[in-house]
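Listed in order, the protein sequences are those of chains G and P.
Taking this note's numbering, the leading residue of the first sequence gets 286, the next gets one more, and so forth.
Taking this note's numbering, the leading residue of the second sequence gets 286, the next gets one more, and so forth.
Glycine included, every Cβ here is placed at the ideal spot set by N, Cα and C.
Just so you know, these numbers come straight off a predicted model, no measurement behind them.
2 protein chains.
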Amino acid sequence: MRFEPVAPVRAYERVVEQIEQAVVSGALKPGERLPSERELMTQFGVGRSTVREALRVLQAAEMIRSRPGDPRGPEVLAASPVALHRSMHRLARADHVGLAELLQFRMILDGSAHLLAAELRTDDDLTGLDTALEAMREGVSHGYAEFSRADVAFHEVIARISRNPLLVVSEEVVRGVVLELIEDKLEHASNRTSLMRAWLSHHAEVLDAIRSADGAGAAHLAKQALYDNYAEYVPAGQRPLLTPLLRS
Amino acid sequence: MRFEPVAPVRAYERVVEQIEQAVVSGALKPGERLPSERELMTQFGVGRSTVREALRVLQAAEMIRSRPGDPRGPEVLAASPVALHRSMHRLARADHVGLAELLQFRMILDGSAHLLAAELRTDDDLTGLDTALEAMREGVSHGYAEFSRADVAFHEVIARISRNPLLVVSEEVVRGVVLELIEDKLEHASNRTSLMRAWLSHHAEVLDAIRSADGAGAAHLAKQALYDNYAEYVPAGQRPLLTPLLRS
DNA sequence: GTAGGTACACTGGTCTGACCAGTAGCCTGC
DNA sequence: GCAGGCTACTGGTCAGACCAGTGTACCTAC
Numbered sequence: 286m287r288f289e290p291v292a293p294v295r296a297y298e299r300v301v302e303q304i305e306q307a308v309v310s311g312a313l314k315p316g317e318r319l320p321s322e323r324e325l326m327t328q329f330g331v332g333r334s335t336v337r338e339a340l341r342v343l344q345a346a347e348m349i350r351s352r353p354g355d356p357r358g359p360e361v362l363a364a365s366p367v368a369l370h371r372s373m374h375r376l377a378r379a380d381h382v383g384l385a386e387l388l389q390f391r392m393i394l395d396g397s398a399h400l401l402a403a404e405l406r407t408d409d410d411l412t413g414l415d416t417a418l419e420a421m422r423e424g425v426s427h428g429y430a431e432f433s434r435a436d437v438a439f440h441e442v443i444a445r446i447s448r449n450p451l452l453v454v455s456e457e458v459v460r461g462v463v464l465e466l467i468e469d470k471l472e473h474a475s476n477r478t479s480l481m482r483a484w485l486s487h488h489a490e491v492l493d494a495i496r497s498a499d500g501a502g503a504a505h506l507a508k509q510a511l512y513d514n515y516a517e518y519v520p521a522g523q524r525p526l527l528t529p530l531l532r533s
Numbered sequence: 286m287r288f289e290p291v292a293p294v295r296a297y298e299r300v301v302e303q304i305e306q307a308v309v310s311g312a313l314k315p316g317e318r319l320p321s322e323r324e325l326m327t328q329f330g331v332g333r334s335t336v337r338e339a340l341r342v343l344q345a346a347e348m349i350r351s352r353p354g355d356p357r358g359p360e361v362l363a364a365s366p367v368a369l370h371r372s373m374h375r376l377a378r379a380d381h382v383g384l385a386e387l388l389q390f391r392m393i394l395d396g397s398a399h400l401l402a403a404e405l406r407t408d409d410d411l412t413g414l415d416t417a418l419e420a421m422r423e424g425v426s427h428g429y430a431e432f433s434r435a436d437v438a439f440h441e442v443i444a445r446i447s448r449n450p451l452l453v454v455s456e457e458v459v460r461g462v463v464l465e466l467i468e469d470k471l472e473h474a475s476n477r478t479s480l481m482r483a484w485l486s487h488h489a490e491v492l493d494a495i496r497s498a499d500g501a502g503a504a505h506l507a508k509q510a511l512y513d514n515y516a517e518y519v520p521a522g523q524r525p526l527l528t529p530l531l532r533s
């Protein structure tokens, strides 16, 4: 016979449990309202600070949102990947994760997204990609910021075609963290125009591969482009971590 | 000129920001302690309830832990995947992410981990895998629980060889969520012994591929095994989401 | 000297009560 | 009919209090 270690259960945790249970069980649907804090404190039989700490936890998990002055009370939110995004972002910024690992991970995600996009794309998706590419082409003359936004949009369309929110969120997070890590080095990159042109022609190639349903080709193009653009910022000793992905 | 919508910034959010910044910047390392709540309230110039709500948010994100009575104050925790697991689990429970998406993601991660393992493995890694496989072989006769533990250990070795914490953690989390989603269906699976034997021979094949540095082969074996084992729980209409990954 | 117990200062958890700024809806006065 | 203000709420914040629990330093008994 073995005993389990016990942890004291705080009052606010019991409150969180009950409300969370009501939400996941469907008793409280998105858009519906919770009673006001003062009402909750009588229903649960606890003080207002306890109720408020419980609501803070639920709010941090993106399950509810409360606005001051709203007499209808805190609102139950629909499940969204925002919380997933936040927790993954924190994990990716942990110090054990370096640029090499991030880039490796991004090559995996981006490659898979492109592969799936090439295999699953519909005709609507293709026209969406066409317009996104067109926006990039226009962006070249409107400055780097504009171009960069169009670039992100293109990648978002690709990710969306794969129809996998996990893939979309992971890719967003990893791309964001990579940019955070090297933004200072990118600041004074010279000859941006030629960079943009190269990037543009790469995207055109990718689009061709996707159009012809060439998953492996699209995936390889995506990974190779990431390697070509970012490997210079990775310590030379760690680059062998990336090259195996180019051979698949 | 366009204006941005403004949202009121709550005092506790500013507190969260500052502490979070201190943690991600490395000024506060895991194991170190925050000042006590009463001390924080003078440093930030806010009331204790505000400090406490901020700490609650950070605690919900698994960044800190506070224990009553500890005179050293709240402890800064190392980055952990618990929060990621929670938010992914919530998404899965809310049907925003189905088994198909989870499995798709897991095939991507597992396949890539195997590919990297085959390309990067050292001789030490190979002996580690040998012993892990041996433990599985013994586990067959010691019941399903024992076997399952050895199986997890084998996968952990593979993940560790890829030397990418993000890959390892994501895989763990996704596997956990998948198992939670279908555990009731697994409960009354018949003839577990034959299942274990099949699983065992699959792992032996994988190990062979890794030993001969056949990355593509190992990746394909891993993805195929996942498909064979879990596709039956995926609605038939969504299985085409998975099959493109088997062709790469 | 050391093992044991004890007192104290402090921690976080909780409650009460108060005030403020903001919101929504009603309710005037025109 | 409608603009404007009034009112009764909301959540955000603060202050102060009490409690149970913890770690430490001291102090005792051997």
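Check, Outcome
"Please give the ranges of any alpha helix (DSSP H) in the stretch 293-364 of chain P, keeping only runs that are unbroken, at least 4 residues long and fully inside the region.", "296-309, 322-329 and 333-345"
"Let me confirm a value: GLN435/G is counted as buried when at least 16 other C-beta atoms fall within 10 Å, else exposed. Which label applies?", "Just to set this straight, residue 435/G is Ala in the shown sequence, not Gln. With 16 or more other Cβ atoms within 10 Å, it is buried."
"List, in chain order, every chain P residue whose beta-carbon is nearer than 9 Å to that of LEU452/G.", "GLU386, GLN389, PHE390 and ILE393"
"Going straight from the alpha carbon of PHE432/P to that of LEU452/P, what length do you get?", "24 Å"
"Along the alpha helix (DSSP H) that carries VAL491/G, what are the first and last residues, could you check?", "477-496"
"Can you tell me where the alpha helix (DSSP H) with HIS399/P in it begins and where it stops?", "384-405"
"Any C-beta of chain G within less than 7 Å: which residues of the stretch 286-307 of chain P qualify?", "none"
"How should PRO290/G be labelled, buried or exposed, when 16 other C-beta atoms within 10 angstroms of its C-beta is the threshold for buried?", "exposed"
"How about ASN301/P and VAL342/P: are their beta carbons less than 9 Å apart?", "According to the sequence provided, residue 301/P is Val. The question's Asn does not apply to it. Cβ distance < 9 Å, so VAL301/P and VAL342/P count as in contact."
"Would a check of beta-carbon distances place HIS381/G closer than 9 Å to chain P?", "yes"
"Between the C-alpha atoms of ARG357/G and ARG371/P, what's the straight-line distance to the nearest angstrom?", "29 Å"
"At the level of alpha carbons, what is the spacing between LEU492/P and ALA339/G?", "48 Å"
"Could you tell me if LYS314/G is buried or exposed, where buried requires 16 or more neighbouring beta carbons within 10 angstroms of its beta carbon?", "exposed"
"Against chain G, does LEU414/P count as a neighbour if the rule is that its beta carbon must be under 9 Å from one of theirs?", "no"
"What residues of chain P sit near VAL233/G, judged by a beta carbon separation below 9 Å?", "Because chain G spans 286 through 533 in this model, residue 233/G falls outside it and cannot be assessed."
"Closest Cβ-Cβ distance between SER321/G and chain P: below 9 Å?", "no"
"Does GLU338/P have its Cβ less than 9 Å from a Cβ in chain G?", "yes"
"Determine, for ALA430/G, whether the minimum Cβ-Cβ distance to residues of chain P falls below 9 Å.", "no"
"Between which two residues does the alpha helix (DSSP H) harbouring PRO529/G extend?", "528-531"
"What number of angstroms, rounded off, separates the C-alpha of LEU564/P from the C-alpha of LEU485/P?", "In the structure displayed, chain P extends from 286 to 533; residue 564/P sits before or after that span and is not available."
"Within this structure, are the beta carbons of VAL400/G and GLY500/G separated by less than 9 Å?", "Reading off the sequence, residue 400/G comes out as Leu, not Val. Against a cut-off of 9 Å, the Cβ pair of GLY500/G and LEU400/G comes out as a contact."
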